[in-house]
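Have a look at the structure below, then the notes.
Chains as they are written, first to last, in our numbering: chain A, 215 to 435; chain B, 215 to 435.
Right, here's the structure in full:
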């Protein structure tokens with residue numbers, strides 16, 4: 215049977231980009247459908263009626279939502295070029311860190327963009343504590359999973375988006391190279407990766423996105 | 215090699231109970247260590263330095279944290295009596311619902327216990343919307359995964375705790391049998407299950423826990 219793979223996403227969402235990276239690492243052909251989040255398509259609402267959110271992967275008509283759930287689905291469906299380790303313990307560790315990134319880093323990263331003054335300072339410190347934890351986990355390794363780009367690196371694309379946001383909004387103190395040399399080297403490795411770099415939004419457009427969307431809320435800090 | 219399996223938990227935590235259910239379904243012998251959350255043991259802090267939270271499973275000296283991550287680890291390590299489906303799509307659906315319960319229902323369930331008046335009314339409505347979604351997902355099935363107790367049912371033990379809290383605190387309008395007949399039948403099936411019922415806290419003690427811990431905050435509603 216010919217496979218039909220569709221991805222509903224938006225270009226500036228790190229969660230959409232995660233799925234693109236995984237599909238491209240697997241060499242799976244797919245149709246990408248760009249959603250307008252202020253006017254969501256009937257198809258998106260039908261495929262993800264619970265959350266009404268991107269990304270949604272639709273494989274032969276069957277939808278899967280939630281980016282980490284989709285990544286596991288992709289890895290179990292197309293088994294070549296694995297993105298998760300096969301050992302149950304290493305797999306648990308990978309899941310632990312991906313969950314950490316989504317439960318801790320992502321809420322703080324989105325909060326820092328809309329906060330000001332003392333609140334922003336507090337959130338910045340919170341993010342830095344989280345980044346120290348990740349820096350320490352990554353130390354001595356090329357990628358979170360070891361030698362090749364995998365599940366946690368894909369999930370940690372949040373950091374790539376944070377770096378662009380920091381530059382666009384002048385929040386330059388969050389993730390400096392001096393404080394986080396290991397994360398900065400890893401970032402360079404990611405954006406040098408042939409597949410990963412295809413899935414990073416165009417730089418100028420991405421900087422502009424953060425400036426237009428969040429510029430006014432942080433301008434007066 | 216003799217296996218050494220330890221579980222650090224607390225008796226009133228649904229997250230600890232999830233792990234107990236899974237280990238008992240597998241017939242895995244384990245040592246249970248009750249933690250005092252106001253004076254955590256050095257072992258817990260060593261095994262889960264990132265979150266410093268229970269539950270933690272320690273298997274042959276290696277710790278795994280986060281209850282859903284632990285459940286997947288258990289299912290992949292002891293493969294008999296599976297708790298997750300083997301089909302990648304069904305597995306994705308199970309993961310989706312377990313995540314829904316943890317990301318949506320749990321925060322709302324904990325909020326309703328500490329809120330009052332209008333805020334409590336709002337959170338109650340939010341919980342009921344979520345329960346409607348789960349009621350609709352469960353309709354026509356014995357358990358979330360079909361014929362036998364599995365991953366989503368174990369995660370949905372949050373609902374069992376919510377029912378006890380509702381009774382202890384007189385929040386009787388949240389999860390009525392009239393509104394949620396499917397969930398109530400499922401609940402009865404769960405607590406009739408030989409393994410599951412072993413892992414439910416003793417009823418009077420549990421009611422007392424909610425009264426002592428949350429009674430004053432809801433008393434004036």
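For every residue, glycine included, the Cβ atom is placed at its ideal position computed from N, Cα and C.
Closest residue to residue i among the options (Cα-Cα distance)
| i | options | result |
| --- | --- | --- |
| residue 416/B | 225/B, 333/B, 307/B | 225/B |
| residue 436/A | 221/A, 288/A, 238/A, 242/A | The structure shown has nothing for residue 436/A, since chain A only spans 215 to 435. |
| residue 418/A | 291/A, 282/A, 378/A | 378/A |
| residue 398/B | 356/B, 384/B, 422/B, 360/B | 356/B |
| residue 292/B | 243/B, 303/B, 402/B, 327/B | 243/B |
| residue 386/A | 232/A, 277/A, 327/A | 327/A |
| residue 227/A | 380/A, 351/A, 391/A, 372/A | 372/A |
| residue 511/B | 263/B, 384/B, 246/B, 392/B | Missing from the structure shown is residue 511/B; chain B here goes from 215 to 435 and no further. |
| residue 232/A | 426/A, 412/A, 263/A | 412/A |
| residue 262/A | 299/B, 390/B, 426/B, 307/B | 307/B |
Supposed close pair residue i, residue j - CB separation, criterion 8 Å
| i | j | result |
| --- | --- | --- |
| residue 274/A | residue 234/A | Actually they are not in contact, since the Cβ atoms of residue 274/A and residue 234/A sit about 19 Å apart, beyond 8 Å. |
| residue 349/A | residue 394/A | 5 Å |
| residue 363/A | residue 301/A | Not a contact, Cβ separation roughly 18 Å. |
| residue 388/B | residue 376/B | 7 Å |
| residue 230/A | residue 241/A | Actually they are not in contact, since the Cβ atoms of residue 230/A and residue 241/A sit about 19 Å apart, beyond 8 Å. |
Chain-ordered neighbours of residue i on chain B, where CB pairs are closer than 8 Å
| i | result |
| --- | --- |
| residue 347/A | 264 |
8 Å Cβ cutoff met for residue i and residue j
| i | j | result |
| --- | --- | --- |
| residue 297/A | residue 285/A | yes |
| residue 344/B | residue 319/B | yes |
| residue 325/B | residue 337/B | yes |
| residue 424/A | residue 370/A | no |
| residue 237/B | residue 288/B | yes |
| residue 396/B | residue 335/B | no |
| residue 279/A | residue 265/A | yes |
| residue 404/B | residue 374/B | yes |
| residue 316/A | residue 282/A | yes |
| residue 359/B | residue 366/B | yes |
| residue 322/A | residue 340/A | yes |
| residue 239/B | residue 414/B | no |
| residue 276/B | residue 303/A | yes |
| residue 249/B | residue 259/B | no |
| residue 290/B | residue 305/A | yes |
Interface residues of chain A facing residue i [CB-CB closer than 7 Å]
| i | result |
| --- | --- |
| residue 302/B | 287, 290, 291 |
Chain-ordered chain B contacts of residue i [CB-CB under 7 Å]
| i | result |
| --- | --- |
| residue 314/A | 264 |
| residue 310/A | 279, 280, 283 |
8 Å Cβ cut-off: residues of chain A touching residue i
| i | result |
| --- | --- |
| residue 232/B | Simply none; closest approach about 15 Å. |
| residue 305/B | 286, 287, 290 |
Neighbouring residues, chain A, relative to residue i (Cβ below 9 Å)
| i | result |
| --- | --- |
| residue 323/B | Going along chain A, no residue has its Cβ under 9 Å from residue 323/B, so there is no contact; the nearest lies around 17 Å. |
Quiz item: When you check each C-beta in the segment 252 to 285 of chain A against every C-beta of chain B, which residues fall closer than 7 Å?
Solution: 264, 276, 278, 279, 280, 283
Exercise. Please name the residues in the segment 239 to 251 of chain B whose beta-carbon is closer than 9 Å to at least one beta-carbon of chain A, in chain order.
Key: none
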